[in-house]
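Chemist: Residue numbers (the numbering used here): 517 to 614.
1) Hey, how far is the Cα of residue 596 from the Cα of residue 533?
2) To which residues of the same chain is residue 578 closer than 8 Å at the C-beta, ignoring the five residues directly before and after it?
3) Beta-carbon within less than 7 Å of residue 538's beta-carbon, same chain only, minus the 5 sequence neighbours each way: which residues are those?
4) In terms of residues, what are the limits of the alpha helix (DSSP H) holding residue 575?
5) May I ask you to list the residues that DSSP assigns as paired with residue 592?
Encoded structure:
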């Protein structure tokens, strides 16, 4: 791995947190399609106003959200990164401080 963030460690951290990680755009598309299903009118819940007309919820890299915005796609961006940058030792130390 030539990535300074150690890609395999980042993937392991995300998967440990219960986050699905895919390796390609086709995999991501298939996962997204599997997760999307219309709710029946009996179980439909109120959509928070923040998410009305949103086509994409982007988590992590702001540049993805900016690209969608520049293409006039409705998007909400949530800035997220693993605790302590994914460093398990530092995360445990921070947990002790809380």
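No residue lacks a Cβ here, since even glycine has one placed at the ideal position from N, Cα and C.
Nothing here was measured: the structure is a model prediction, and the numbers come from that model.
Modeler: According to the structure data:
1) 13 Å
2) 593 and 595
3) 544 and 547
4) Residue 575 -> not in any alpha helix (DSSP H); beta strand (DSSP E) instead, spanning 572 to 575.
5) 573
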